[in-house]
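> For the sequence shown, the working numbering gives the first residue as 587, with consecutive numbering after it. Sharing a structure with you now.
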Amino acid sequence: MLPNALYLERKLEVINADVTNHCNARCFFCFNDWAAFQPHNMTLETFQNLMKLYPLLRNSDYMISCWFEPTLNPKFFDMLDMLTPEFRKAAYFTTNFVAEISDENMIRMCRANLHHINVSIESFDEKEYQHITGVKHTHFFENLERFAAYSKQYNTHVQVITMLTKRNMNSLPELVRRTNELLSPVFHEIRTPHFFREDTGTKEALIRDMLTEEEICAVRSATEKLGYSNLFWDVSFTKESFSSMEKTRASIPASNHDIFYHLRVNSDGTARLGDQKNGRLIDINAPGDLVARVKQEIYEMEIQEAELDRISDAGMHFRRLPSEAPYGIDAVRVYDERILFIRGYDRGLKYAVSRGLEVVALMECGEEKTLFKQSQKNRKESAMAQFADKYWEYCFLALFDLKGCSDKPFTISLGYLENGEVVLIRDLYEYDPGACLS
Ligand SMILES: C[S@@+](CC[C@H](N)C(=O)[O-])C[C@H]1O[C@@H](n2cnc3c(N)ncnc32)[C@H](O)[C@@H]1O
Ligand code: SF4
């Protein structure tokens, strides 16, 4: 065992499923590409298989339905009844409440005792609502009234999402007030539409109806005057950011090496682990041990992840220049007995950061050297885990594949690259199996 290391199993951060792949609305900001789907509903058998994934969930998110409208699947309420008690605690779904929902089904929804139910509320004004969602005849308003009563009766945790655009900006304060009176949501998220790489036909309308930073500030301050503390503003996407994204589109790389331990499950039971388009394909309906299959895929991805940021040390010189600046290590973990994860901050990186030099971590095991470059993403994420994003530049996060090294002495150091040289400023970690035994 490595000293001071936490041994963990890699699990899924998120299971993002959908029990259908269609919708009864056509919101102008929606990211779904309707031309790409033939309507399909998940079967109860596939839903049973979905629940088998429970052992792979950390204390994480389980979205039963996320991208589409779950109430369109006639079996949806049976699925809620089928949920195991553990899954109920983590599960949630999002609905637009456009479809007719009987009292009985409304009660089944509320008494399911899920982690929470997300309701999308774009407007309380029928004309404005239609302008945003494209729906002429909706059950939304009466569903909302009955949901308010049943959710109180069954103590359901309710959250609300409102998409903020030019089409509802003037009514936002009133929308927030009415939502709070009616539903008392745990959170009311106000979101400006996110942009997606692929244009699904909504781009023109988005450009026209996105709000500028100034407009968002004005609506926000008018709304905050109401004094509700459950508001959450996800408004970083603005008209300005969209324009600059358009200009820089060509420079966005096709793959940015982001790997999420994230399983997306479609209504037909096909699933992707990692990247939503090119990730590892898994059929949750295939015979055999589903958990073992997904675990094996996660394991292989993990090993790949440690390889992705590995760089060659061929022809590099190594120099030690120890720093006296403060530093700290906040996590040493070994995932699946194979991948060493080490995270912390080091003020000694100031020299490198101020000159834009590449920060690296080095593992030395016998004659073998493994050089791991520090991606900005990793450093930002480790900063968020430690100091709420403040000193991300001084943070580091390294992943090393321990294959062949876990029973041999090794060291890990931190440094940067300058003029073809690896300058090592810190000895971060040392393992000597002999020393542990004595
Ligand atoms: C895609 S919908 C699916 C669930 C359901 N049909 C509904 O709208 O409530 C899930 C949530 O994503 C939001 N959404 C839709 N398009 C979005 C976009 N471009 N950026 C961010 N959120 C979006 C919706 O408002 C909704 O709250
Ligand atoms: S209701 Fe949801 S899924 Fe349907 S169009 Fe609107 S945002 Fe998209």
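Just so it is clear, CB atoms sit at the ideal spot from N, CA and C, and this is done for glycine as well.
Since residue 628 and residue 606 are thought to touch, with beta carbons under 8 Å apart, how far apart are those beta carbons, to the nearest angstrom?
Walking along the sequence shown from the start, residue 628 turns up at place 42. Walking along the sequence shown from the start, residue 606 turns up at place 20. With 8 Å as the limit, residue 628 and residue 606 qualify as a contact, their Cβ atoms being about 7 Å apart.
> Alpha carbon to alpha carbon, how far is residue 931 from residue 625? Give it in angstroms, no decimals.
Taking the sequence shown and counting its residues from 1, the one referred to as residue 625 is at position 39. Taking the sequence shown and counting its residues from 1, the one referred to as residue 931 is at position 345. Going by the C-alpha atoms only, they are around 49 Å apart.
> Look up residue 884 in the DSSP assignment and give the residues it is bridged to.
Numbered from its first residue, the sequence shown carries residue 884 at position 298. DSSP lists no partner for residue 884.
> By how many angstroms is the C-alpha of residue 703 removed from the C-alpha of residue 742?
For this step, residue 742 is matched to residue 156 along the sequence shown. For this step, residue 703 is matched to residue 117 along the sequence shown. Those two C-alpha atoms are separated by around 8 Å.
> Leaving out the 5 sequence neighbours to the left and right, which residues in its chain are closer than 6 Å to residue 750 when beta-carbon positions are compared?
Stepping through the sequence shown from its first residue, residue 750 is reached at position 164. Only 776 and 778 meet the Cβ criterion.
> Three Cβ pairs or more, each shorter than 8 Å: is that satisfied between the region 861–878 and the region 896–908?
No, the region 861–878 is not in contact with the region 896–908.
> Let me know the alpha helix (DSSP H) ranges lying completely inside the region 740–789, each 4 residues or longer, listed in chain order.
Those alpha helix (DSSP H) runs which fall completely within the region 740–789 and span 4+ residues are 758–769.
> Entirely within the region 620–705 and at least 4 residues each: give me those alpha helix (DSSP H) ranges in chain order.
Complete alpha helix (DSSP H) runs here, min 4: 630–637, 662–668, 671–676 and 689–697.
> So, for residue 950: in the same chain, excluding its five sequence neighbours on each side, which residues have a beta-carbon less than 7 Å away from its beta-carbon?
As a working mapping, residue 950 is identified with position 364 in the sequence shown. Result list for residue 950: 996 and 997, in chain order.
> Which stretch, first to last residue, makes up the alpha helix (DSSP H) that contains residue 953?
Taking the first residue of the sequence shown as position 1, residue 953 is located at position 367. Neither: residue 953 is in no alpha helix (DSSP H) and is coded neither H nor E.
> Taking the C-alpha atoms as reference points, what is the distance between residue 833 and residue 827?
For the purposes of this step, residue 833 is taken as the residue at position 247 of the sequence shown. For the purposes of this step, residue 827 is taken as the residue at position 241 of the sequence shown. A caution first: residue 833 carries a pLDDT of 48, below 50, which makes its placement in the model too unreliable to give a value.
> Taking 8 Å as the cut-off, decide whether the C-beta atoms of residue 948 and residue 957 are in contact.
By 1-based counting over the sequence shown, the position of residue 948 is 362. By 1-based counting over the sequence shown, the position of residue 957 is 371. In contact: residue 948 and residue 957 (Cβ atoms closer than 8 Å).
> Beta carbon of residue 625: closer than 7 Å to some heavy atom of ligand 1?
In the sequence shown, the residue the question calls residue 625 occupies position 39. No; taking the cut-off as 7 Å, the Cβ of residue 625 has no heavy atom of ligand 1 nearer than that.
> Starting from residue 717, trace the alpha helix (DSSP H) in both directions and tell me its first and last residue.
Mapped onto the sequence shown, residue 717 falls at position 131. Run containing residue 717: 712–719, per the alpha helix (DSSP H) assignment.
> Could you pull out every residue in the same chain whose Cβ sits closer than 8 Å to the Cβ of residue 820, ignoring the five residues on either side in sequence?
For the purposes of this step, residue 820 is identified with residue 234 of the sequence shown, where counting begins at 1. The residues are 775, 776, 777 and 778.
> Can you tell me whether DSSP reads residue 894 as helix, strand or coil?
Counting from 1 along the sequence shown, the entry for residue 894 is found at position 308. Helix.
> Let me check one thing: in DSSP terms, what residues is residue 1025 bridge-paired to?
What is shown of the chain runs 587 to 1024, which leaves residue 1025 out entirely.
> Which residues have a Cβ closer than 5 Å to any heavy atom of ligand 2, listed in chain order?
Listed along the chain, these residues meet the criterion: 609, 611, 613, 616 and 682.
> Compute the distance between the beta-carbons of residue 1011 and residue 849, then report whether it is under 8 Å.
Here residue 1011 is taken as the residue at index 425 of the sequence shown, counted from 1. Here residue 849 is taken as the residue at index 263 of the sequence shown, counted from 1. No, the Cβ-Cβ distance between residue 1011 and residue 849 is not below 8 Å.
> Ordered along the chain, which non-local residues of its own chain (more than five positions away) have a Cβ less than 8 Å from that of residue 869?
By one-based count along the sequence shown, residue 869 stands at place 283. 855, 856 and 857, listed in sequence order.
> Any heavy atom of ligand 1 closer than 7 Å to the CB of residue 628?
Taking the sequence shown and counting its residues from 1, one reaches residue 628 at position 42. Residue 628: no, Cβ never under 7 Å from ligand 1.
> Using a threshold of 7 Å, is the CB atom of residue 796 nearer than that to any non-hydrogen atom of ligand 1?
Residue numbering aside, residue 796 sits at position 210 when the sequence shown is read from its first letter. No, the beta carbon of residue 796 sits no closer than 7 Å to any heavy atom of ligand 1.
> Which word fits residue 835, buried or exposed, when buried means at least 16 other C-beta atoms lie within 10 angstroms of its C-beta?
Locating residue 835 in the sequence shown gives position 249, where the first residue counts as 1. Here residue 835 scores only 42 on pLDDT, less than 50, and its place in the model should not be relied on; the value that follows carries that caveat. Exposed is the call here.
> Got a sec? Which residues, its chain only, sit under 7 Å from residue 945 by beta carbon, not counting five neighbours each side?
As a working note, residue 945 is residue 359 in the sequence shown. Excluding positions up to five away in sequence, the list reads 935, 938, 960, 982 and 1002.
> Compare the Cα-Cα distances from residue 888 to each of 639, 1008, 675 and 859 and report the closest residue.
As a working mapping, residue 888 is identified with position 302 in the sequence shown. Among 639, 1008, 675 and 859, the Cα nearest to that of residue 888 is on 859.
> Report the rounded CA-to-CA distance for residue 883 versus residue 822, giving the unit in angstroms.
Start at 1 with the first residue of the sequence shown, and residue 883 comes out as number 297. Start at 1 with the first residue of the sequence shown, and residue 822 comes out as number 236. The alpha-carbon atoms of residue 883 and residue 822 are separated by roughly 34 Å.
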